[in-house]
Each structure stands twice: as structure tokens, then as C-alpha cells.
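First residue of the sequence shown? That's 0 in numbering that gives the first Met the number 0, and the numbers climb one at a time after it. Below: one structure, written as C-alpha cells.
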Amino acid sequence: MQNKFMKAALACARRALSEGEVPIGAVVVCDGKIISRGHNRRTKRQIATAHAEIEAIEKACRKLKSWRLPECEIYVTLEPCPMCLGAMLNARIKKVYFGAYEGKGRSLTDEIAAANLLNHKIEVEGGVMEEECAAVLSGFFSAMRQHEKSD
């Protein structure tokens with residue numbers, strides 16, 4: 000089941016890629032069904048908080064008509080940043096699954112998830128379809144570096 004939902008998040012990441020964005024995608028799942036999708040839109044919207052996870056969480060809240068999502072899980076192609084983890088905690092999401100690990104050493108995921116902030120802890124499982132998720136990101140950044148060299 001995890002792979003099915005991560006594949007959907009990867010499809011969202013590829014949509015971001017097609018729009019020239021960093022290819023990160025997310026889906027929110029409730030009762031075994033995808034209820035919302037999001038992809039990175041920071042460049043297009045010129046908004047620092049336009050991350051895939053934030054977009055997916057906001058759509059899920061609108062769909063369920065609640066800021067609380069305690070029966071929901073989120074699948075994201077890259078380990079969430081502290082801002083997105085904070086949004087997940089605030090929404091009371093029960094579990095986050097992510098694909099690729101953040102390679103820049105900022106991994107605070109386990110500490111933030113278990114800190115009992117807002118009287119809530121979130122379960123975390125990383126490395127779901129890690130190679131596929133990492134490949135989309137590394138391909139994007141390789142192409143970007145090649146483009147910059149040719150300019």
C-alpha cells in the first residue's frame with residue numbers, strides 16, 4: 000500500500016518538474032484513499048511556504064472541513080523540512096512517510112516528530128521508494144547544473 004501512495008506522490012513531484020519547480024510531491028491519505036495532492040510551487044507563486052506538503056494539507060483540511068486531520072497520513076517524496084513537519088503536527092496528522100532523505104544534514108525529523116509539540120507526536124517512516132524519489136530530485140539538480148554551465 001505504501002508504494003501505491005508514494006507513486007502518487009511521485010506523480011505530483013513530476014508535475015512540479017514539468018512546471019520548472021523542484022520536484023517534490025505529497026499526498027494525504029485518509030481511510031486508505033487519497034484525499035488531496037500537492038506539489039512544490041515556490042517559484043511559480045513566489046511564496047516561501049508553497050511546499051508540496053503545505054498544499055496537500057491545506058486541500059485536505061478544506062475537503063474534510065477541519066484543521067485537524069488525526070485519521071490522515073501523508074506521503075512525501077523528500078524528508079519534510081521543519082516548517083512542513085510543524086504543519087503536520089499542527090494538523091494532528093498521525094503518520095508521515097517520506098521517500099528520499101534530506102542530504103544536507105538538516106535532518107531534525109525524528110526530534111521534531113517526537114518532541115510532543117502541540118501535545119501531539121507524529122510517527123515517521125523514511126526511505127519509502129527512496130531510490131526512485133532521490134532519482135527525480137538528483138536528475139532535476141543535475142540538469143540545472145548543466146544548464147548553468149552552458150550559460
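Using N, Cα and C, we set each Cβ at its ideal position, and we do this for glycine too.
In DSSP terms, what LEU77 is bridged to: When beta bridges are read from the DSSP output, LEU77 appears opposite ALA99.
Beta-carbon contacts of LYS94 that lie in its chain and below 6 Å, excluding the five residues immediately before and after: Around LYS94, the same chain offers GLU72 and GLU122 as residues with beta carbons nearer than 6 Å, after the five sequence neighbours per side are excluded.
Opposing strand residues paired with VAL135 [DSSP bridges]: According to DSSP, VAL135 bridges with nothing at all.
Cα-Cα separation, ILE53 to ARG144: Pairing ILE53 with ARG144, the inter-Cα distance amounts to about 27 Å.
Chain-order list of residues whose beta-carbon lies under 6 Å from that of GLU70 (same chain, five-residue window excluded): If we look at GLU70 and ignore the five residues flanking it on each side, its Cβ neighbours are CYS29.
Coil, strand or helix - GLU20 by DSSP: In the structure shown, GLU20 adopts coil according to DSSP, grouped into three states.
The region 55 to 70 touching the region 14 to 23, judged by at least three CB pairs closer than 8 Å: They do not touch, by the three-pair rule.
Given ARG67 as reference, the closest of PHE97, MET0, LEU88 and VAL26 once Cα atoms are compared: In terms of CA proximity to ARG67, LEU88 leads the group PHE97, MET0, LEU88 and VAL26.
Whole-Å CB distance - VAL135 paired with THR76, under 8 Å assumed: The C-beta distance from VAL135 to THR76 rounds to 7 Å, short enough to fall under 8 Å.
Unbroken beta strand (DSSP E) run spanning ARG36, endpoints: Where ARG36 is concerned, the enclosing beta strand (DSSP E) stretches over 32 to 38.
Per DSSP, cross-strand counterpart(s) of LYS94: Looking at the DSSP assignment, LYS94 forms a beta bridge with GLU72 and GLU122.
Cβ pair TYR100, ALA8 closer than 7 Å: With contacts defined by Cβ atoms closer than 7 Å, TYR100 and ALA8 do not form a contacting pair.
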